[in-house]
Amino acid sequence: MDEKRLREVYEEQRRRAHEVIQADIRPIEVTRVTGVDVAYADPLAVACAVEMDIHSRRVLRVGHHVDHVEAEYIPGAFQLREGPPIIRVLRQFRPDGPVLIDANGILHPRRFGLACLVGVELGIQTIGVAKSLLLGTIRERAGDVAMVTEDDEVLGAALWPEGRGRPIYVSVGHGVSLETAIRVVRSSIWDGAVQPIREAHILSGDVLKHGLASQSETR
DNA sequence: GCGACAG
DNA sequence: ATCTTGTCGC
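The first sequence runs 22 to 240 under this note's numbering.
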């Protein structure tokens, strides 16, 4: 990707960052949470959405979308690669409740990560959950959480799942406050992982490698 | 200028 | 992300 195009993408991110709502646009009761992820195999990209019931810890329904890879991975412009397939699978899935995305929300150089794009584009509540820190400073830990800031601006939070040494990074995608985002992610963690995302990850890799058939005989 | 850099 | 089985460690 050329520099000119990349600069345009960055400019659009700065522009659209103003569309992000960092407050609950509708109350969340944390009963149903959807996780999404994408698996790749050269020309193919398989996006999956998995809706789970937090109380019973069971999968309620799944959806997938086979797409083609549109762009290479560029830190800070991840949305060009993973945005299209995720938006397409969610458009048909029509999630009921918050959506957890394997990426950052406003914890981003231009405050508009993949989770923000998906949320703003579809008008749904999204939360970014990253496995590694893209930027920022982790402040003082209090219990299982610590704020992540950049020049005193709170961009997200580091959250330590029980029994795991390394934290995950939570940030607002769209339509939720950081507090709500943390509450939703906490409730979605068991066995040391953010389960809705973990299920979506396993399923996407499964559909990519063995096809849709493997769905029925899993979990 | 040099390194870092969501998946 | 992906190439890949067993294996070292808490």
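All C-beta atoms in this analysis are idealised placements derived from N, C-alpha and C, irrespective of residue type, glycine included.
Source: prediction; values computed, not measured.
- Membership of Arg115 in any beta strand (DSSP E) is not indicated, and neither H nor E is assigned to it by DSSP.
- By the neighbour-count definition (other C-beta atoms within 10 Å, threshold 16), Arg132 is a buried residue.
- Going by C-alpha positions, Pro105 is about 31 Å away from Ile159.
- Looking from the CA of Gly149, the closest CA among Glu32, Pro182, Gly56 and Asp88 belongs to Gly56.
- Nearest Cα to Ala124 within the set Pro96, Glu142, Asp117 and Phe114: Pro96.
- DSSP places Val175 in the uninterrupted beta strand (DSSP E) bounded by Glu174 to Leu180.
- The alpha carbon of Val110 has as its nearest neighbour, out of Asp74, Val83 and Glu93, the alpha carbon of Val83.
- Taking a contact as a CB-CB distance under 8 Å, the pair Leu176 and Gly157 counts as one, their CB atoms being some 5 Å apart.
- Of Ala98, Thr52, Tyr31 and Phe114, the smallest CA-CA separation from Cys69 is found for Phe114.
- One alpha carbon belongs to His195, the other to Leu101, and they sit about 18 Å apart.
- Sorting His85, Val215, Ser225 and Thr201 by C-alpha distance to the C-alpha of Gln146 places Thr201 at the top.
- Between the C-alpha atoms of Arg78 and Lys25 there is a straight-line separation of about 46 Å.
- Check the Cα spacing between Gly140 and each of Leu27, Ala44 and Tyr31: the tightest is with Ala44.
- Taking C-beta separations shorter than 7 Å and ignoring five residues to either side along the sequence, the partners of Asp58 in its chain run Cys69, Asp123, Ile218, Ala221, His222 and Ser225, following chain order.
- In terms of Cα proximity to Asp172, the closest of Ala60, Val41 and Leu128 is Leu128.
- The C-alpha of Val215 lies about 21 Å from the C-alpha of Phe99.
- Leu27 is positioned such that its CB atom lies no closer than 9 Å to that of Leu229.
- In the three-state reduction of the DSSP assignment, Asp227 falls in the helix class, which pools H, G and I.
- Counting every other CB atom within 10 Å of its CB across the protein chains shown gives Asp227 a total of 16 or more, marking it as buried.
- Per the coordinates, the alpha-carbon of Asp88 lies some 18 Å from the alpha-carbon of Leu138.
- By the criterion of a C-beta distance shorter than 7 Å, Glu33 is surrounded by no residue of its chain, once the five residues flanking it on both sides are discounted.
- Contact check for Ser208 against Val54 passes: the beta carbons are separated by less than 9 Å.
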